[in-house]
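Each residue of the sequence shown is one higher than the one before, counting from 1 in UniProt numbering.
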Amino acid sequence: MNDSERHEAGMTVRRQVLGDAHVDRAIAGTDEFTADFQDFITRYAWGEVWSRPGLDRRTRSCITLAVLATLHHDDELAMHVRAALRNGLSPQEVAEVLLQVGVYAGVPAANRAFTVARETLRQEAG
Numbered sequence: 001m002n003d004s005e006r007h008e009a010g011m012t013v014r015r016q017v018l019g020d021a022h023v024d025r026a027i028a029g030t031d032e033f034t035a036d037f038q039d040f041i042t043r044y045a046w047g048e049v050w051s052r053p054g055l056d057r058r059t060r061s062c063i064t065l066a067v068l069a070t071l072h073h074d075d076e077l078a079m080h081v082r083a084a085l086r087n088g089l090s091p092q093e094v095a096e097v098l099l100q101v102g103v104y105a106g107v108p109a110a111n112r113a114f115t116v117a118r119e120t121l122r123q124e125a126g
């Protein structure tokens with residue numbers, strides 16, 4: 001796959017996982033300073049890693065939630081809670097992932113992540 005094909009595939013997966021509204025906002029906010037980064041994440045995060053056949057999207061969402069919670073990346077965590085719902089996880093499964101974080105990454109990381117996830121789930125429920 002060449003870079004153009006990888007970008008196209010990545011954009012398709014990115015839209016499926018994050019939703020058109022999120023991707024459209026990211027694209028609209030792209031400027032000369034961020035253009036290379038946007039291209040990079042589209043081609044590699046979405047066109048390479050998220051597109052690989054080795055794990056399904058539900059599993060990739062679980063891993064992503066755990067890593068983001070562990071590293072305290074709250075904005076990205078909220079975005080990926082929404083993505084996890086799109087990928088078929090239930091709110092209860094999101095909570096299970098965060099319980100796992102509590103055991104392996106520490107209670108403070110999980111506590112913070114539960115706060116972010118609860119607010120995100122409330123927003124998504126309407």
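Don't be surprised by glycine CBs; every beta carbon is placed ideally from N, CA and C. Values in this document were obtained by computation on a predicted structure and should not be read as measured data.
**Asked** Do you know offhand how far D39's Cα is from Q92's?
**Response** What you label residue 39 is simply residue 39 of the sequence shown in a count that begins at 1. What you label residue 92 is simply residue 92 of the sequence shown in a count that begins at 1. Near 34 Å, if we compare the C-alpha coordinates of Q92 and D39.
**Message:** Given this structure, state the Cα-to-Cα distance separating H73 from V103, to the nearest angstrom.
**Reply:** For the purposes of this step, residue 73 is taken as residue 73 along the sequence shown, with counting starting at 1. For the purposes of this step, residue 103 is taken as residue 103 along the sequence shown, with counting starting at 1. Roughly 18 Å between the two C-alpha positions.
**Prompt:** Taking C-beta to C-beta, are V17 and A78 nearer than 9 Å?
**Reply:** Taking the first residue of the sequence shown as 1, we reach residue 17 at position 17. Taking the first residue of the sequence shown as 1, we reach residue 78 at position 78. Not in contact: V17 and A78 (Cβ atoms no closer than 9 Å).
**Request:** Report yes if the C-beta distance between S51 and G10 is below 9 Å; otherwise report no.
**Result:** Position 51 of the sequence shown, counted from the start, is the residue given in the question as residue 51. Position 10 of the sequence shown, counted from the start, is the residue given in the question as residue 10. Yes; because the gap between Cβ atoms is below 9 Å, this pair is in contact.
**Prompt:** Are the segment 79 to 99 and the segment 59 to 66 in contact at 8 Å, needing three or more beta carbon pairs?
**Reply:** yes
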